[in-house]
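Numbering (our numbering), first residue to last: 192 to 1411.
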């Protein structure tokens, strides 16, 4: 009821605003419906007429509802849309999901409410623009005692969250009509004392619809809804792990994604799911090792800031540093991921922060009835494309080998019959020795020309890979206790038939207790168990006949798995059939290798158990001052046991090669008969203990002070154990010892091909124990004036056993300062908000495997003079060792335009790293030729842009776009010691002052001479035939092998219940060394069994061929790297590595509520997704830079014999999600 003219005017203004905001607009905010102006004017006239009856009730609004079975909540939502009246439930016993039916056509608001609520034993009262729904028993008491209650005072409290149940910090809580109010803390909690019982509470926050509701002592969880008409990105609460900061008050550089942003993405691991979503966070996939996809080595935040120290960003999960495998975190449990990129954001983490910090927050339960969510994902990927490999056919390979043989081959009589010979060469030698005629030679070669093992691989070896994942989550709770439990089962597939695969079971148990108004407690447990056991299939020749995501079999394609008569084919290693028979005749082990019979020769057992206990207690000491006590314990138990059974070719060969036979015929086996068992264990135990005071105070809604101060103790204990057992028997678990003095020395007069054998130290036992300790003190604070200007600062002091013992290198604080200013809105209607940010600070990094103390390794070799075990010094003491120091300057602009249709941020940064750690050459007379020292400086400069566009926003159709762009320019600015040998630079990407890290150099190739040999051009223009005549200045700088440009462009379309999204990614600005024929510089190898790229077919054969610029050098009779490197490292083979990929495309369908209502399900969603469906590459050979083997990372690029690898596979994912 309106009590005066002013209240009616305010209501009138509100009605006009509602009508205006409901108007349909395009991207630029322009109206498409001029009729709204007429409706607003008509509303104004009608409301003005009502001024004659300002004391009357305004229940006469027209309402039309026709529903048979809908929730009470939906009916009131419809009333809100039609009348503008908000609603609140005034009793906990009211169930908003109660099913009701209502049939009203142009009814009054009063009559509609009476008809709706009468049969539900509910009543209503209208206060201003709010409908208060109560139980009938409540209303009478409230009305009859209204005057008495108005004099009562109470303490009110509650929690404010957003639509995703995330706590909202900084929301303003006011008691209407009086000067009482407060703001919510980092947990969204608030309380106000001495509030009148009949008051109304107003809750506001920028970017959310304001909410008014009657007061009561415990308001529970209050949800604010985001609105499009204001800037929604400032609603984000940035979680740094130590505190939660409203983004509108955060001066640092952050990037954040939420669970909503990852909807429709079915990738089973966390990193793939966030790929392309966060500007400044890049996933480096072109790693030569497939295992690198399962750890942090491929993650970079704003480029690389170190050479030899820890390169991965720090991972923080639920507020605590995380040492486990990221695969232990279920992507479906993620609530948000925040990347802290500059010093202001990350320096609070001290010496682990220079590489950036990734803060992962997992989902928590919310008060209400129990919710159950289940999802299942099935993944398929076909076999890699053989066409992409560009390998010679069997016919081409046979003819190529024949040409090699005819060019130069050895004397038939000089062939060692004990050594194995390639089948084609055996035929050629038999012809050369007169054993067979030319016609018979060609007849036998035709058999090999027509063979193709790849046709047998799908039958006997390979299959389509099939993965599956299941997720189950249960959540709920009350105002005092909430819970979120989840269970995750994953079973990755394999391309190889019969190979044991992982079975992965993960779980998460999260409990939050609000014990009293001043004491909260959290108890979380996270765990994952990975295990597999079984035969691992082909082993000895696995890299030759099989493949995985990165590598492909390169063994000659004419080697079959089954012969033409169906019998299993026999393959040969280094020993001929003559030698195998000779050894068998001596009573030694049988080294016959038949691939199809070798599948069960190697057995493996693997498990990795991870458990994380995370506890935290919050004490509210006085208003605004909290104390938090947190503790986390992580434990990882890793185990891998590999049994090479006695029939394994590798075991039989090792036993025979080490065997000595005396003149008396006595056999001495230096390696015992039986299987061999290699056992590896890796156990990690870490803990973190933290105590922290937090203070927050809002003075007169103009001055806001937020501060934290605390201390932290942390320890990481790694223990590694390797045990190798010889003569192992699986049944009895017995094994035999070996003479420890034989390790690493040459055993003479053995049955090996070269008559001597050395037992590798890789087969030796080993133990390693490493403890890293940290003690830290830190503080962080910010001051905000009038919600416009924010000043912030932080400081942290770390002490660790990794730092030097010299007092000058201790007690060096890491710190930051920052400022944010909300600029005044210009007289330009499209501008909603803009704010500038600026920060400066210092981060740190620590060495991985070295420290200030002497590090030694005790071996098993006994000193022949002293009789004691010998030790080796791995790292000398270095009391002057300092941590790497990175200073970061960052300036940013946040903006919103066209009523938040276009929003985003742009950041400029400059990172300077000093005291880089690196292996530095020393005078060998000092005892070490190389030692880890602080030896250089590096700089990273860049720009990042994140844009969000709401292109179309209609009731049934929407189109949203996101563009992320980042550019990073890296440069080595100082190195105390530089290499001056050309080979060092052209062999693989290296570091040099004035160029980026991982720079590639090449030789200025000048073509071939008239003998088919390569020529190099020096800087002065002269031509040389050997790299020994080159200097570093003669090399060509090609550029960086690390992409400085990273772009992602994502679009999402929604029509009713159907959602389509896709994302393109671009990486560019870097170079790669393309595929090239390896310089053929040796005799025809007797046992050269590999296939070749087709590029090998075009080589120099006669004078004049050198005029063809694409021809490879001729064969030469002697191997010489000084000659071959001119061609292998030629400038002509360097190509642009830019690429664009359609990283993912997904289509989701949510079943309409009316379809699933009878099933009691809350939702059903079906999703289909395709990964890597399309690509464009800049290089002319169509090489996939993400799968390139031979050019990969700065530490594995090789100039000789690169392989195309296997292109990133197209993956098809199907998913279903249901909720109860």
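For each residue, glycine too, the CB sits at the ideal point set by N, CA and C. Keep in mind that this is a model prediction, so the values were computed, not measured.
Cβ pair residue i, residue j closer than 8 Å
i            : j            : result
residue 351  : residue 372  : no
residue 1297 : residue 1201 : yes
residue 304  : residue 322  : yes
residue 1095 : residue 1139 : yes
residue 1205 : residue 1304 : yes
residue 919  : residue 866  : yes
residue 545  : residue 1035 : yes
residue 1192 : residue 1228 : yes
residue 185  : residue 490  : Because residue 185 is not part of the residues shown, which for the chain are 192 to 1411, the question remains open.
residue 944  : residue 803  : no
residue 1046 : residue 1030 : no
residue 263  : residue 291  : yes
residue 969  : residue 986  : yes
residue 1086 : residue 1019 : no
Own chain partners of residue i with C-beta closer than 6 Å, once the 5 adjacent residues on each side are dropped
i            : result
residue 676  : 665 and 700
residue 385  : 344
residue 1405 : 569 and 1359
residue 725  : 691
residue 916  : 868 and 926
Cα-Cα separation between residue i and residue j, rounded to whole angstroms
i            : j            : result
residue 300  : residue 254  : 6 Å
residue 585  : residue 639  : 7 Å
residue 314  : residue 256  : 19 Å
residue 1149 : residue 1092 : 12 Å
residue 1302 : residue 1290 : 5 Å
residue 394  : residue 383  : 13 Å
residue 361  : residue 438  : 10 Å
residue 1368 : residue 535  : 38 Å
residue 1248 : residue 1402 : 25 Å
residue 577  : residue 455  : 31 Å
residue 940  : residue 946  : 5 Å
residue 563  : residue 1354 : 11 Å
residue 1383 : residue 476  : Since pLDDT at residue 1383 reaches only 33, below the 50 mark, its modelled position is unreliable, and the value read off the structure follows with that caveat. Those two C-alpha atoms are separated by around 9 Å.
residue 137  : residue 859  : Residue 137 lies beyond the stretch modelled for the chain, which goes from 192 to 1411, so this question has no answer here.
residue 894  : residue 723  : 59 Å
residue 592  : residue 767  : 20 Å
residue 1325 : residue 1128 : 28 Å
residue 629  : residue 580  : 33 Å
residue 575  : residue 1321 : 30 Å
Chain-order list of residues whose beta-carbon lies under 7 Å from that of residue i (same chain, five-residue window excluded)
i            : result
residue 493  : 471, 532, 547, 1100, 1102, 1131, 1133 and 1159
residue 1168 : 1111, 1112 and 1126
residue 559  : 667
residue 408  : 345, 346 and 347
Assumed close pair residue i, residue j - CB separation to whole angstroms, cut-off 8 Å
i            : j            : result
residue 1189 : residue 1233 : 5 Å
residue 1074 : residue 1037 : 5 Å
residue 635  : residue 618  : 5 Å
residue 815  : residue 886  : 6 Å
residue 990  : residue 847  : Rounded, the Cβ-Cβ distance is 56 Å, inconsistent with contact.
residue 611  : residue 749  : Contact flag wrong, Cβ pair sits at about 16 Å.
residue 1340 : residue 1357 : 5 Å
residue 498  : residue 1123 : Contact flag wrong, Cβ pair sits at about 11 Å.
residue 551  : residue 530  : With 8 Å as the limit, residue 551 and residue 530 do not qualify as a contact, their Cβ atoms being about 10 Å apart.
Contact set for residue i: own chain, Cβ-Cβ below 8 Å, skip 5 residues either direction
i            : result
residue 1413 : A query on residue 1413 cannot be resolved here, the shown segment of the chain reaching from 192 to 1411 and no further.
residue 237  : Unreliable placement is indicated for residue 237, whose pLDDT of 35 sits below 50; no coordinate value is reported for it.
residue 753  : 647, 651, 759, 760 and 787
Any non-hydrogen atom of the ligand FAD closer than 7 Å to residue i Cβ
i           : result
residue 307 : Among the components of this structure there are no ligands whatsoever, and the ligand FAD is therefore not found.
- Which residue spans inside the segment 639-677 form an unbroken beta strand (DSSP E) run of at least 3? 656-668
- Unbroken alpha helix (DSSP H) runs of length 4 or more, entirely within the segment 1138-1174: which are they? none
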